[in-house]
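Peer 1: Residues in the sequence shown are numbered from 521 upward in steps of one, following the working numbering.
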Amino acid sequence: MELHSRTHNLEIDGELHVDVNTIFSSVSAFHKQISGGYACVSLISGLGILAFRDPNGIRPLIFGSREVEGETEWIVASESVAIHALGFEVVRDVEPGEAIFLTSAGKFFSQQCAEETHHSPCIFEHVYFARPDSIIDGISVYQARLNQDKD
Numbered sequence: 521m522e523l524h525s526r527t528h529n530l531e532i533d534g535e536l537h538v539d540v541n542t543i544f545s546s547v548s549a550f551h552k553q554i555s556g557g558y559a560c561v562s563l564i565s566g567l568g569i570l571a572f573r574d575p576n577g578i579r580p581l582i583f584g585s586r587e588v589e590g591e592t593e594w595i596v597a598s599e600s601v602a603i604h605a606l607g608f609e610v611v612r613d614v615e616p617g618e619a620i621f622l623t624s625a626g627k628f629f630s631q632q633c634a635e636e637t638h639h640s641p642c643i644f645e646h647v648y649f650a651r652p653d654s655i656i657d658g659i660s661v662y663q664a665r666l667n668q669d670k671d
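(1) Exposed or buried, what is residue 651 when buried is set at 16 or more other beta-carbons lying within 10 Å of its beta-carbon?
(2) Taking residue 542 as part of the alpha helix (DSSP H), name the residues at either end of that continuous run.
(3) Taking one C-beta from the stretch 625 to 644 and one from the stretch 585 to 603 each time, how about it: are there three or more such pairs within less than 8 Å?
(4) Considering just the uninterrupted stretch of the beta strand (DSSP E) at residue 573, what are its terminal residues?
(5) Using DSSP with H/G/I as helix, E/B as strand and the rest coil, what is residue 625?
(6) Inspect the CB distances between the stretch 573 to 586 and the stretch 632 to 651 and report whether three or more fall short of 8 Å.
(7) Can you name the start and end residues of the alpha helix (DSSP H) that residue 661 belongs to?
(8) Can you tell me where the beta strand (DSSP E) with residue 562 in it begins and where it stops?
(9) Less than 8 Å separating the beta-carbons of residue 586 and residue 609?
(10) Counting C-beta neighbours from all protein chains within 10 Å, is the total for residue 546 16 or more, i.e. buried, or is it exposed?
(11) Work out the CA separation of residue 668 and residue 659 for me, nearest whole Å.
(12) Measure from the alpha carbon of residue 604 to the alpha carbon of each residue in 562, 556, 653, then state which is nearest.
(13) Under 8 Å between the Cβ atoms of residue 620 and residue 583?
(14) Between residue 655 and residue 600, is the Cβ-Cβ spacing less than 8 Å?
(15) Does the separation of the CB atoms of residue 561 and residue 571 fall below 8 Å?
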């Protein structure tokens with residue numbers, strides 16, 4: 521709700537005027553109001569893509585890029601295999617509580633938007649949800665599944 525109302529206020533005379541700091545402060549306000557696990561990706565029409573992850577890192581979020589005709593293209597996904605399958609290279613995971621803004625002009629902005637963060641990923645990502653050939657938070661899903669039997 522806060523994110524929607526703040527981004528709505530960016531519209532002046534039918535045109536969007538964006539200050540990246542306003543977007544990031546909206547995400548900070550969102551983190552303060554919402555609890556639980558989430559990874560959000562939102563298109564801000566004509567401007568770019570906003571992606572952010574919950575402060576506890578419960579849900580995974582990763583992004584990648586590729587160069588096409590001298591321009592940078594971006595992709596955001598929950599697993600590395602989606603990035604590779606579409607011909608992109610992984611840049612890195614979005615950190616718990618972090619927000620990234622990828623402009624339509626190819627620019628990248630990042631900011632930690634949560635006051636406190638803890639990395640507490642959902643075990644079901646590695647056990648059930650993710651493909652075995654994926655990497656989540658720098659951990660091979662396949663290897664994580666093999667390691668389950670060692671304890």
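Just so you know, even glycine gets a beta-carbon here, dropped at the ideal spot from N, CA and C. Since this is a predicted model, take the numbers as computed values, not measurements.
Peer 2: Based on what the coordinates show:
(1) Your numbering for residue 651 matches position 131 in the sequence shown. Residue 651 comes out exposed.
(2) Here residue 542 refers to the residue found at position 22 when the sequence shown is read from its first residue. In the DSSP annotation of this structure, the continuous segment of the alpha helix (DSSP H) that includes residue 542 starts and ends at 540 to 553.
(3) yes
(4) Working through the sequence shown from its first residue, we reach residue 573 at position 53. Residue 573: member of the beta strand (DSSP E) spanning 568 to 573, first to last residue.
(5) As a working note, residue 625 is residue 105 in the sequence shown. Residue state, collapsed to three classes: coil.
(6) yes
(7) The residue given as residue 661 occupies position 141 in the sequence shown. In the DSSP assignment, residue 661 falls within the unbroken alpha helix (DSSP H) covering 661 to 667.
(8) The residue given as residue 562 occupies position 42 in the sequence shown. Segment 559 to 564, the beta strand (DSSP E) holding residue 562.
(9) Position 66 of the sequence shown, counting from 1, holds the residue named residue 586. Position 89 of the sequence shown, counting from 1, holds the residue named residue 609. Yes, the Cβ-Cβ distance between residue 586 and residue 609 is below 8 Å.
(10) Translated into the one-based positions of the sequence shown, residue 546 becomes position 26. Residue 546 should be labelled buried.
(11) Translated into positions along the sequence shown, residue 659 becomes position 139. Translated into positions along the sequence shown, residue 668 becomes position 148. Those two C-alpha atoms are separated by around 13 Å.
(12) Within the sequence shown, residue 604 is the residue found at index 84, counting from 1. When each option's Cα is compared against that of residue 604, the closest is 653.
(13) Here residue 620 refers to the residue found at position 100 when the sequence shown is read from its first residue. Here residue 583 refers to the residue found at position 63 when the sequence shown is read from its first residue. Yes, the pair counts as a contact, with Cβ atoms nearer than the cut-off.
(14) Position 135 of the sequence shown, counting from 1, holds the residue named residue 655. Position 80 of the sequence shown, counting from 1, holds the residue named residue 600. Yes.
(15) Walking along the sequence shown from the start, residue 561 turns up at place 41. Walking along the sequence shown from the start, residue 571 turns up at place 51. Cβ distance < 8 Å, so residue 561 and residue 571 count as in contact.
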